[in-house]
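These notes are about the structure you will find just below.
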Amino acid sequence: MNMTGAMDARNRQAAIDRLAGQSFDVLVIGGGVTGAGAALDAASRGLRVALVESRDLAAGTSSRSSKLIHGGLRYLEQFDFKLVREALKERDLLVSRLAPHLVKPVTFLYPLQHGLIERPYVGAGLTLYDTLEGMRRPMPRHRYLSVKESRRMAPGLRADAVSGSMIYFDAQVDDARFTLTLARTAAAHGAVVATRTRVVEMLRDQGSERVVGARVHDEETGRDLDVRADAVVVCAGVWTDPINGLPGSAPAGFKVRMSKGVHVMVPGEAIASSTGMIIPTEKSVLFIIPWTRRRWIVGTTDTEYDGDREEPAATGEDIDYILDHANAVLARPLTRDDVVGVYVGLRPLVAADESSATTKLSREHVVDVPAPGLATIAGGKFTTYRVMAKDVVDAALEGFDVPESVTDRLPLIGADGLPAVRASVRRLAEDHDVDADVVEHLVQRYGTLAMEVLGLVDDDRSLGEPLVEGCPWIRAEVVYAVTHEGALHAEDVLSRRTRMLIEAIPAALDAAPVVARLMAGLLGWDEARVEAEAARCRALVEAERRALAEATAPRREPAAAS
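Residue numbering for the sequence shown follows the numbering used here, beginning at 3 and increasing consecutively.
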């Protein structure tokens with residue numbers, strides 16, 4: 003068994019052949035966080051598992067979240083205590099045991115503008131938040147900060163916007179890397195993972211009408227193949243309804259409505275603060291989240307959406323909503339010129355009826371078994387992916403004699419031995435003849451798997467060079483993305499393995515030809531393919547720039563009446 007879960011894109015054909023030639027216990031459709039989690043849940047129970055994804059791992063919602071692992075403080079106002087308690091338990095598991103290399107504590111400051119009125123109310127909410135977490139806790143409890151203490155932690159706050167504050171802890175994550183690590187951990191336990199494989203039909207047993215697998219179209223080769231399985235699990239997020247409408251499938255007992263969540267990125271120097279912030283709005287809350295030393299993430303919106311699922315776009319109204327609410331507490335107002343990146347995710351919300359507004363739709367997940375051998379899940383939160391995965395696998399395998407889920411005790415790859423690796427950064431830098439900053443960067447991104455990336459540098463010193471001068475990523479990460487993380491296209495590297503397309507758009511343009519050429523040496527691309535891959539990345543960069551320019555164009559004043 004491959005215990006590091008390496009998914010080598012050079013061996014993709016072998017994985018496709020296994021899909022066609024092997025019978026599985028569980029076939030998972032969808033390579034987002036819930037699908038990857040379901041594959042891990044089933045594989046770690048000793049089952050034969052396949053996962054298929056029509057695009058890349060985390061290509062949809064699971065790479066476009068708020069990048070928070072949190073209990074959902076705002077759900078307390080909706081009296082959804084069950085969801086908050088469940089999310090806090092999962093957050094603490096991830097921070098302390100399952101993925102401490104990927105999920106890291108972050109502080110949030112809640113500014114109080116009317117201290118005497120707000121402090122009892124906000125304090126009661128945070129006390130309840132702490133209480134729901136339980137007694138055994140890896141996070142400190144919330145506490146009150148005076149005006150002076152608040153300004154010391156966040157000097158960028160407006161003087162008239164803070165009469166004290168509350169500070170509390172949650173956690174953050176690189177959502178795309180987390181999803182990828184889940185899939186790799188599933189592969190380490192025997193799962194076959196294949197991206198760019200689109201389900202076109204469910205297979206039925208003619209005698210019993212049981213779903214017994216799916217017909218899959220290989221987007222890379224054009225080949226169609228049948229994947230046989232005792233149970234099929236649909237974890238398709240906002241694509242749930244289209245999947246349920248395929249030939250041979252069955253409609254679930256719920257509908258999925260889409261809610262658009264827009265986030266903007268601004269430079270690190272645009273906000274003077276050593277902590278994240280949470281700002282109440284008339285609809286929900288707005289987060290100001292530290293994201294690397296170079297960027298802040300500010301968001302999000304929550305508006306109904308019925309457009310393109312693959313590439314949802316932000317509008318000027320979305321940007322203004324975010325900036326206006328952030329500026330309610332910031333001394334140096336953010337403007338559209340400060341926005342250096344925008345990304346948009348779609349939340350799959352379970353609709354109670356066709357008229358439900360997105361703010362009233364359920365954030366709790368729902369599992370349905372619309373046909374024998376077929377289970378579907380929708381709703382939920384990124385934070386609670388593990389519970390969702392367990393529930394849908396349990397539903398799919400009801401009546402089968404299988405072990406209970408063990409994922410609450412199963413660290414993801416890269417977690418074991420993390421404290422020792424973190425303590426050894428300086429020695430590792432000397433041993434591998436690279437800068438300590440490079441090792442620190444790799445450990446932050448890969449945990450103990452950073453040793454595998456450093457091994458590539460040992461074999462080829464040129465891979466220790468920066469991908470783009472002035473940026474933290476090194477060339478070895480591109481090679482590693484192919485040999486261990488299943489990257490098939492340069493887009494996969496720039497969009498999800500490095501996140502350059504949301505963090506450093508100009509650098510992504512410079513990196514595109516370098517990435518394509520590094521991948522060519524591994525995947526046997528000719529010059530035409532290299533240029534096509536680089537051109538595709540350039541097109542993505544230009545699309546990002548156009549979307550950003552349109553969303554941040556100067557506001558048009560209404561025409562004067564004649």
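In this text, a Cβ means the ideal position worked out from N, Cα and C, and glycines have one as well.
Could you pull out every residue in the same chain whose Cβ sits closer than 7 Å to the Cβ of residue i, ignoring the five residues on either side in sequence?
{"i": "K262", "result": "T303, T305, Y307, P314, V346, L348"}
{"i": "E546", "result": "L503, I507"}
{"i": "D58", "result": "T197, D494, R498"}
{"i": "R160", "result": "V331, L332, A333"}
{"i": "A563", "result": "Low local confidence applies: a pLDDT of 43 at A563 is under 50, so the model's placement there is unreliable, and no value is given."}
{"i": "V389", "result": "E88, E92"}
{"i": "M5", "result": "A190"}
{"i": "L519", "result": "What sits at residue 519 in the sequence shown is Arg, not Leu. Excluding residues within five positions, the ones whose Cβ falls inside 7 Å are V532."}
Between which two residues does the alpha helix (DSSP H) containing residue i stretch?
{"i": "V445", "result": "438-448"}
{"i": "P508", "result": "507-525"}
{"i": "R429", "result": "427-434"}
{"i": "Y387", "result": "387-398"}
{"i": "L332", "result": "Note, L332: premise wrong, no alpha helix (DSSP H); not H, not E."}
{"i": "E546", "result": "529-553"}
{"i": "F402", "result": "Where F402 is concerned, there is no enclosing alpha helix (DSSP H), given that its DSSP letter is neither H nor E."}
{"i": "F180", "result": "177-190"}
Work out the CA separation of residue j and residue i for me, nearest whole Å.
{"i": "E88", "j": "E505", "result": "31 Å"}
{"i": "D512", "j": "E529", "result": "18 Å"}
{"i": "D355", "j": "D243", "result": "Residue placement at D355 is flagged as unreliable, the pLDDT there being 45, under the threshold of 50; a coordinate-derived value is accordingly withheld."}
{"i": "D462", "j": "V455", "result": "11 Å"}
{"i": "T277", "j": "V480", "result": "32 Å"}
{"i": "L363", "j": "R259", "result": "Confidence at L363 is low in this model, with a pLDDT of 42, below 50, so its placement is unreliable and the value that follows should be read with caution. Their backbone Cα atoms lie some 8 Å apart in a straight line."}
{"i": "R411", "j": "V517", "result": "37 Å"}
{"i": "S275", "j": "I324", "result": "18 Å"}
{"i": "T181", "j": "Y448", "result": "13 Å"}
{"i": "G224", "j": "V218", "result": "10 Å"}
{"i": "A514", "j": "D322", "result": "31 Å"}
{"i": "I31", "j": "V54", "result": "5 Å"}
{"i": "A483", "j": "E442", "result": "18 Å"}
{"i": "V105", "j": "E211", "result": "43 Å"}
{"i": "V408", "j": "E151", "result": "43 Å"}
{"i": "L524", "j": "A11", "result": "9 Å"}
{"i": "A101", "j": "H116", "result": "38 Å"}
{"i": "H434", "j": "V440", "result": "11 Å"}
{"i": "D94", "j": "Q208", "result": "46 Å"}
{"i": "V229", "j": "G33", "result": "16 Å"}
{"i": "A8", "j": "T450", "result": "14 Å"}
{"i": "P474", "j": "I71", "result": "24 Å"}
{"i": "H486", "j": "A178", "result": "15 Å"}
{"i": "L96", "j": "P556", "result": "42 Å"}
{"i": "D437", "j": "G419", "result": "22 Å"}
{"i": "A233", "j": "I119", "result": "55 Å"}
{"i": "G166", "j": "S148", "result": "5 Å"}
Excluding the five sequence neighbours on either side, which residues of its own chain have a C-beta within less than 6 Å of the C-beta of residue i, listed in chain order?
{"i": "S358", "result": "Its pLDDT being 37, under 50, S358 is placed unreliably by the model, and the measurement read from it follows with that caveat. If we look at S358 and ignore the five residues flanking it on each side, it has no Cβ neighbours."}
{"i": "L288", "result": "I281, H327"}
{"i": "P350", "result": "G239, V240, V258, A380"}
{"i": "D340", "result": "V268, A272"}
{"i": "V369", "result": "I379, D393, V394, A397"}
{"i": "R143", "result": "D132"}
Which residue comes first and which comes last in the beta strand (DSSP E) that contains residue i?
{"i": "M565", "result": "One cannot answer for residue 565 here, as it falls past the ends of the chain, which runs 3 to 564."}
{"i": "G343", "result": "343-353"}
{"i": "K106", "result": "106-113"}
{"i": "R200", "result": "199-206"}
{"i": "M267", "result": "257-269"}
{"i": "D232", "result": "226-236"}
{"i": "M168", "result": "167-174"}
{"i": "I379", "result": "376-380"}
{"i": "D243", "result": "Segment 242-246 is the alpha helix (DSSP H) holding D243; no beta strand (DSSP E) there."}
{"i": "D220", "result": "213-220"}
{"i": "L456", "result": "From DSSP, L456 is part of no beta strand (DSSP E) but of the alpha helix (DSSP H) over 452-461."}
{"i": "L29", "result": "25-31"}
Kindly list the residues whose CB is nearer than 8 Å to the CB of residue i, restricted to its own chain and excluding five residues on each side of it in sequence; keep chain order.
{"i": "Y222", "result": "Correcting the residue identity first, residue 222 is Glu in this sequence and not Tyr. Hits under 8 Å: R14, R198, L490."}
{"i": "T337", "result": "L325"}
{"i": "N246", "result": "V236, A252, P253, A254, P372, T378"}
Buried or exposed: which applies to residue i, given that a residue is buried once 16 or more other Cβ atoms fall within 10 Å of its Cβ?
{"i": "F384", "result": "buried"}
{"i": "Y112", "result": "buried"}
{"i": "Q174", "result": "buried"}
{"i": "F83", "result": "exposed"}
{"i": "V344", "result": "buried"}
{"i": "R477", "result": "buried"}
{"i": "R501", "result": "buried"}
{"i": "E135", "result": "buried"}
{"i": "Y77", "result": "buried"}
Could you tell me whether the region 418-435 touches the region 123-136, using the rule of 3 or more Cβ pairs below 8 Å? For the pair of segments examined, the region 418-435 was found not to touch the region 123-136: the number of CB pairs separated by less than 8 Å stays below three.
Would you say the region 402-413 touches the region 42-56, given that touching needs at least three Cβ pairs under 8 Å? yes
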